[in-house]
Structures are given as structure tokens and as C-alpha cells.
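Enquirer: The structure's right below; bear with me while I get my questions together.
Chains as they are written, first to last, in the working numbering: chain W, 18 to 233; chain L, 106 to 347.
Here you go:
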């Protein structure tokens with residue numbers, strides 16, 4: 018087999034363009050899902066009557082659906098309801114919905130892991146509930162959450178490849194286009210994109226390890 | 106200063122506090138003793154609203170604790186609390202532990218709060234630990250920081266929930282000494298403890314509880330020499346003669 022044709026600059030550039038879309042979609046989804054997931058997890062922790070229950074139902078619903086289904090839903094089903102989103106926005110919305118639910122559970126678990134005495138000590142000193150949460154509970158909980166958060170971010174980055182089903186021009190999608198044109202390049206092309214995913218995700222996990230050591 | 110009138114508390118079906126009537130005067134040191142599960146800690150935690158009461162009236166400084174329109178945060182500024190497990194903030198230094206509430210609740214400047222904090226750290230005998238983290242301190246030191254943290258709000262009342270129960274025996278003395286000094290200065294104190302020596306020496310009054318009820322309320326000398334209730338006699342003989 019001759020692979021040499023697989024590594025032309027045109028092909029590599031095309032893959033890098035795909036990787037850029039992957040990173041961009043992942044990054045935007047991470048930012049949104051961190052904000053939404055953090056808020057939802059905190060609200061669930063705060064046990065606000067009704068609201069916390071409603072959020073619990075939504076979170077459980079989303080967490081127990083396949084991400085692929087959510088992606089297909091945002092792209093193919095939402096237009097039926099009069100909501101038309103571009104491919105990129107559909108992918109971001111779907112990933113954000115799913116990852117927010119996952120992150121909400123991580124945040125809630127992190128908050129629950131802080132001993133009750135911390136909240137009691139803070140409230141006893143006259144701090145309001147929100148102040149106690151902001152100054153005492155959240156900073157401690159966030160440190161404990163770092164490893165779980167990062168591994169969820171890594172999952173999200175990998176999950177962007179599912180958006181291949183709605184033809185988001187991300188890394189896997191572009192790799193498949195090259196492979197379709199040149200079936201014999203399948204192995205080298207897949208090796209290259211594996212390397213790209215691996216480098217970024219492994220780097221992230223190393224960062225997580227370092228943060229973990231620092232806070233230990 | 107603190108007044109319980111016919112206070113009851115239930116956890117579901119469990120009757121934790123039964124018909125509590127108790128008045129604590131300004132500057133009084135009241136020591137609450139009794140077997141575990143007797144409701145001592147619950148009684149104490151009702152005073153600053155960490156526990157709710159089910160019925161009856163509980164007033165602190167003439168303000169009803171368990172009422173909707175009471176600003177509980179404001180009331181708590183006046184009530185310091187020291188816990189069995191210290192509950193220091195592990196992510197903050199000793200100094201930050203002490204200045205946090207004065208800065209965020211009383212809106213003191215960082216400088217002013219630091220000055221107050223150092224004053225109380227001197228008082229509890231560990232000014233050199235100001236920049237340490239709680240995990241670097243012994244249990245006795247941590248509890249003294251917790252006391253300084255409570256005092257920095259300049260409260261009129263201090264609550265102590267078994268403050269020496271989690272300490273190595275060697276470190277009990279240093280914490281009790283701080284509490285004794287505080288009592289001498291006229292602080293209103295409610296102390297739940299198993300330290301009978303402290304109760305005898307420092308207490309103005311002993312409250313003996315069993316199964317959610319106050320069985321006896323007596324001057325320490327009278328209580329320790331002549332306990333009236335059978336349950337108190339049994340408790341004292343078990344705790345003192347071993």
C-alpha cells in the first residue's frame with residue numbers, strides 16, 4: 018500500500034481546519050455548559066422548593082438520553098417546531114444541553130462533599146446563605162471537582178465527533194471526506210486524527226493531574 | 106438574655122426537646138450536661154437558629170428566634186458558636202478565618218479586622234499562627250482559633266458545643282483555660298460539655314438533661330453534692346467514679 022499521497026499539505030490543512038472546528042465547538046460548549054451546569058448544580062444543592070425538584074427531573078432526563086439523539090433532535094426536530102439553527106449552532110446547543118446536565122451532577126456532588134459543619138460555621142457567624150456558599154462552600158468544592166470537571170471536558174471534546182451525523186465540518190467529518198475520495202488512505206488519515214485528539218486530550222488530563230497535586 | 110418558654114422540638118415523630126423552660130441572664134455561664142442523645146446540643150443549636158423549634162417561644166435579647174420576620178443573620182452576629190469539630194475553613198489561613206465574618210458581615214476594613222483578629226489571637230495564645238492553615242495546627246490550637254473567630258464578632262453570647270470532646274486529653278486544658286478567662290470577663294456563655302471539673306469551677310448554673318427534658322437546674326455545688334433526680338445521681342456516679 019502506498020500512503021505517501023495521504024500526507025499532502027492540502028489534506029493536512031483540511032484536517033487542521035476540521036480540528037479547528039472541533040476545538041471551537043468544544044470550547045464554546047464547555048463555557049456555556051460550565052455556566053449552566055454550575056448554576057443548575059448549585060440550585061439543586063440549595064434545595065429550593067419546587068425549582069430544585071424540577072431541575073432534578075430535567076437533569077435526569079437529559080443524562081439518560083444518548084447524546085447522539087440530542088444532536089439529531091436539535092438539528093432535525095427543532096425546525097419542525099419553528100426553530101431553525103445552523104449546523105454549528107445545533108451542535109453547540111446539543112452539546113451544551115447534554116454536558117450541562119453532566120456538569121450539574123459533578124457540581125452538586127462536589128458541593129455535597131463539603132462537610133455540613135462548614136455551612137453551619139459560616140451561617141453561625143452571620144453570613145447569609147449566598148455569602149456562605151460563595152465564600153466558604155463553593156471555593157472548597159471547586160477544588161475537589163477539578164479532576165471530574167476536566168475529565169468531563171475531555172469527554173465533551175471527544176463527543177464533538179458525534180456531530181458528524183449532522184455534517185458539522187469537524188475533524189472526523191473532514192477525515193471521512195478524504196477517506197471517501199481516497200479509500201486507501203483510511204489508515205493513515207485515521208492515525209493522524211487519532212494523534213490530534215490524543216495530544217489535546219492527554220495534555221488536558223496532565224493539566225488536571227497537576228491541579229490535583231497542587232490542591233492535595 | 107436567652108429565654109425558652111415551653112419549647113418543644115420534633116424530628117418527624119421523634120420528640121427531641123420536651124417542654125423546655127429556661128432563662129439565662131446576662132453574664133451567666135450555664136453548663137448543660139447529660140447523657141448523649143439527651144438533647145443538649147439540639148437545645149444549644151436552637152439558640153442561634155441552626156435548629157428550628159417546633160412550638161413554644163425562644164427569645165434571644167427579646168427577639169424571637171424562630172420567626173419569619175426575624176433577621177436571623179443579624180441576630181447571629183451577636184451569638185458566637187464553637188463546635189466540637191472546630192469547623193475552621195480549611196482553604197483560609199488562621200487570620201482569614203477570623204477576619205472573614207467581620208469583613209463580610211460587619212463590613213469592617215481589612216485593616217481593622219486584622220487588628221481585632223490579632224488581639225484575639227494574642228488572647229488565645231497563638232498570635233504566631235496567624236498565617237498558618239488550620240491543617241498545620243494541633244486540635245487544641247484549632248479550637249482556640251475557632252474561639253478567637255467567634256470573639257472577633259464581639260458577640261454578647263458564646264455557645265460552646267462540646268468544645269473539648271474531639272481533643273487529645275493533653276489539649277483539653279488549653280481550651281478550657283481560654284473559656285475560663287472568657288467567663289471571668291463576664292461573657293454570657295452556654296456550654297455543652299462532659300468536663301465536670303469545668304462545670305463545677307466555672308458554671309453559675311448546671312442544667313441536667315435526659316431524654317429531651319431538663320431534669321435539674323441547680324448551682325454547681327448543690328448539683329454535684331446533692332443531685333435530687335435519680336437519673337442525675339446515676340449519671341454523676343458513672344461519670345465521676347471510674
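Backbone N, C-alpha and C define an ideal beta-carbon position, used for all residues, glycine too.
Everything numeric in this text was worked out from a predicted model, so none of it was measured.
Can you list the residues of chain W that residue 140 (chain L) reaches, using a CB-CB cut of under 9 angstroms?
Expert: For this step, residue 140 (chain L) is matched to residue 35 along the second chain. Those do not exist, as residue 140 (chain L) stays about 23 angstroms from chain W at its closest Cβ, beyond 9 angstroms.
Enquirer: Roughly how many whole angstroms lie between the Cα atoms of residue 190 (chain W) and residue 26 (chain W)?
Expert: As a first step, residue 190 (chain W) must be located in the first chain, where it is residue number 173. As a first step, residue 26 (chain W) must be located in the first chain, where it is residue number 9. For residue 190 (chain W) and residue 26 (chain W), the distance between alpha carbons rounds to 18 angstroms.
Enquirer: Note the first and the last residue of the continuous beta strand (DSSP E) segment covering residue 120 (chain L).
Expert: In the second chain, the residue the question calls residue 120 (chain L) occupies position 15. Element bounds for residue 120 (chain L): 119 to 129.
Enquirer: So residue 319 (chain L) and residue 326 (chain L) are supposed to be a Cβ contact under 8 angstroms. How far apart are they, rounded?
Expert: What you label residue 319 (chain L) is simply residue 214 of the second chain in a count that begins at 1. What you label residue 326 (chain L) is simply residue 221 of the second chain in a count that begins at 1. Their Cβ separation, rounded to whole angstroms, is 19 angstroms, which puts residue 319 (chain L) and residue 326 (chain L) out of contact at 8 angstroms.
Enquirer: With 8 angstroms as the limit, tell me which residues of the segment 149 to 171 of chain W have their beta carbon closer than that to any beta carbon of chain L; keep them in chain order.
Expert: Within the segment 149 to 171 of chain W, the residues whose Cβ lies closer than 8 angstroms to some Cβ of chain L are 152, 153, 156, 157 and 160, listed in chain order.
Enquirer: Cβ closer than 9 angstroms: which chain L residues qualify as neighbours of residue 13 (chain W)?
Expert: Any answer about residue 13 (chain W) is impossible in this case: the structure gives chain W only from 18 up to 233.
Enquirer: Taking one C-beta from the segment 233 to 252 of chain L and one from the segment 186 to 201 of chain L each time, how about it: are there three or more such pairs within less than 8 angstroms?
Expert: Judged by Cβ distances under 8 angstroms, the segment 233 to 252 of chain L makes contact with the segment 186 to 201 of chain L, as three or more pairs qualify.
Enquirer: Does any CB atom of chain W fall closer than 9 angstroms to the CB of residue 251 (chain L)?
Expert: Taking the first residue of the second chain as 1, we reach residue 251 (chain L) at position 146. Yes, because at least one Cβ of chain W sits closer than 9 angstroms to the Cβ of residue 251 (chain L).
Enquirer: In its own chain, which residues sit with a C-beta less than 6 angstroms from the C-beta of residue 153 (chain W), not counting the 5 before and 5 after it?
Expert: The count along the first chain starts at 1 and reaches residue 153 (chain W) at position 136. Result list for residue 153 (chain W): 135 and 139, in chain order.
Enquirer: In this structure, does DSSP put residue 116 (chain L) in helix, strand or coil?
Expert: Looking up residue 116 (chain L) in the second chain gives position 11. In the structure shown, residue 116 (chain L) sits in a strand (DSSP, three-state: E or B).
Enquirer: How big is the Cα-Cα spacing for residue 118 (chain W) and residue 47 (chain W)?
Expert: Against the first chain, residue 118 (chain W) aligns to sequence position 101. Against the first chain, residue 47 (chain W) aligns to sequence position 30. Whole-angstrom Cα-Cα distance: 12 angstroms.
Enquirer: Is residue 111 (chain L) helix, strand or coil by DSSP?
Expert: The residue you call residue 111 (chain L) lines up with position 6 of the second chain. The answer is strand: DSSP assigns residue 111 (chain L) an E or B state.
Enquirer: Using a beta-carbon distance below 9 angstroms, is residue 195 (chain L) in contact with chain W?
Expert: Position 90 of the second chain holds residue 195 (chain L). Yes, its Cβ sits closer than 9 angstroms to a Cβ of chain W.
Enquirer: Between residue 156 (chain W) and residue 190 (chain L), is the Cβ-Cβ spacing less than 9 angstroms?
Expert: As a first step, residue 156 (chain W) is located in the first chain; it is residue number 139 there, counting from the start. As a first step, residue 190 (chain L) is located in the second chain; it is residue number 85 there, counting from the start. No, Cβ-Cβ distance for residue 156 (chain W) and residue 190 (chain L) is not below 9 angstroms.
Enquirer: Name, going along the chain, the residues of the segment 147 to 167 of chain L whose beta-carbon falls closer than 7 angstroms to a beta-carbon of chain W.
Expert: Residues 153 and 155.
Enquirer: Spatial neighbours of residue 80 (chain W) within its chain, please: C-beta separation below 6 angstroms, excluding the five flanking residues on both sides.
Expert: Translated into positions along the first chain, residue 80 (chain W) becomes position 63. Result list for residue 80 (chain W): 118, in chain order.
Enquirer: Chain A partners of residue 192 (chain L), CB-CB under 8 angstroms?
Expert: Looking for chain A here will not work: the only protein chains present are W and L.
Enquirer: Using a Cβ-Cβ cut-off of less than 7 angstroms, give me the residues of the segment 255 to 274 of chain L that come near chain W, in sequence order.
Expert: Cβ contacts with chain W come from 258.
Enquirer: Spatial neighbours of residue 252 (chain L) within its chain, please: C-beta separation below 7 angstroms, excluding the five flanking residues on both sides.
Expert: As a working mapping, residue 252 (chain L) is identified with position 147 in the second chain. Here the set comprises 187, 229 and 283.
Enquirer: How would you call residue 219 (chain W), buried or exposed, if buried means at least 16 neighbouring beta carbons within 10 angstroms?
Expert: Numbered from 1 along the first chain, position 202 holds the residue referred to as residue 219 (chain W). Under this definition residue 219 (chain W) is an exposed residue.
Enquirer: Would the segment 254 to 265 of chain L and the segment 214 to 229 of chain L be scored as touching if the rule is three or more Cβ pairs under 8 angstroms?
Expert: Judged by Cβ distances under 8 angstroms, the segment 254 to 265 of chain L makes contact with the segment 214 to 229 of chain L, as three or more pairs qualify.
Enquirer: If we define contact as Cβ-Cβ less than 9 angstroms, is residue 211 (chain W) a contact residue for chain L?
Expert: Residue 211 (chain W) sits at position 194 when you count from the first residue of the first chain. No, its Cβ sits nowhere closer than 9 angstroms to a Cβ of chain L.
Enquirer: Once you ignore the five residues that flank residue 203 (chain L) on each side, which residues in its own chain have a CB closer than 6 angstroms to its CB?
Expert: Indexing the second chain from 1 puts residue 203 (chain L) at position 98. If we look at residue 203 (chain L) and ignore the five residues flanking it on each side, its Cβ neighbours are 222, 253, 254 and 257.
Enquirer: For residue 9 (chain W), does the count of other Cβ atoms within 10 angstroms reach 16, so buried, or fall short, so exposed?
Expert: Chain W is shown from 18 up to 233; residue 9 (chain W) falls before or after that span and cannot be answered.
Enquirer: Pull up the distance between the alpha-carbon of residue 125 (chain L) and that of residue 333 (chain L), whole angstroms please.
Expert: For the purposes of this step, residue 125 (chain L) is identified with residue 20 of the second chain, where counting begins at 1. For the purposes of this step, residue 333 (chain L) is identified with residue 228 of the second chain, where counting begins at 1. Approximately 19 angstroms between the Cα atoms of the pair.
Enquirer: Starting from the beta carbon of residue 46 (chain W), find every residue of chain L whose beta carbon is closer than 8 angstroms, and list them in chain order.
Expert: Within the first chain, numbered from 1, the residue matching residue 46 (chain W) stands at position 29. Within chain L, no residue comes near residue 46 (chain W); the closest Cβ sits about 29 angstroms away, beyond 8 angstroms.
Enquirer: Taking Cβ to Cβ, would you say residue 228 (chain W) is nearer than 9 angstroms to residue 124 (chain W)?
Expert: Reading the first chain from its first residue, position 211 is the one you call residue 228 (chain W). Reading the first chain from its first residue, position 107 is the one you call residue 124 (chain W). No, these two residues do not count as a Cβ contact at 9 angstroms.
Enquirer: To the nearest angstrom, report how far apart residue 263 (chain L) and residue 74 (chain W) are at their CA atoms.
Expert: To locate residue 263 (chain L), count along the second chain from 1; it is residue 158. To locate residue 74 (chain W), count along the first chain from 1; it is residue 57. Roughly 43 angstroms between the two C-alpha positions.
Enquirer: Can you tell me where the beta strand (DSSP E) holding residue 82 (chain W) begins and where it ends?
Expert: Against the first chain, residue 82 (chain W) aligns to sequence position 65. Residue 82 (chain W) -> no beta strand (DSSP E), and no H or E assigned at all.
Enquirer: Per DSSP, what are the beta-bridge partners of residue 223 (chain L) in this structure?
Expert: In the second chain, counting from the first residue as 1, residue 223 (chain L) sits at position 118. Paired residues: none, contrary to the question.
Enquirer: Using alpha carbons as the reference points, say which of L:129, L:291 and L:123 lies closest to residue 143 (chain L).
Expert: Mapped onto the second chain, residue 143 (chain L) falls at position 38. Cα-wise, what sits closest to residue 143 (chain L) is L:123.
Enquirer: May I have the straight-line CA-CA distance separating residue 100 (chain W) from residue 52 (chain W), to the nearest angstrom?
Expert: By one-based count along the first chain, residue 100 (chain W) stands at place 83. By one-based count along the first chain, residue 52 (chain W) stands at place 35. If I take the Cα positions, the gap works out to 23 angstroms.
Enquirer: Kindly list the residues whose CB is nearer than 6 angstroms to the CB of residue 137 (chain L), restricted to its own chain and excluding five residues on each side of it in sequence; keep chain order.
Expert: Within the second chain, numbered from 1, the residue matching residue 137 (chain L) stands at position 32. 145, 297 and 312.
Enquirer: Pick out whichever of L:184, L:308, L:235 and L:173 has its Cα sitting closest to the Cα of residue 286 (chain L).
Expert: Your numbering for residue 286 (chain L) matches position 181 in the second chain. Minimum Cα distance to residue 286 (chain L) is reached at L:308.
Enquirer: Could you spell out where the alpha helix (DSSP H) holding residue 153 (chain W) opens and where it closes?
Expert: Residue mapping note: residue 153 (chain W) aligns to position 136 of the first chain, counting from 1. Unbroken run through residue 153 (chain W): none, as it is neither H nor E.
Enquirer: Could you tell me which residues DSSP pairs with residue 168 (chain L) in its beta bridges?
Expert: By one-based count along the second chain, residue 168 (chain L) stands at place 63. BP columns for residue 168 (chain L) point to L:165.
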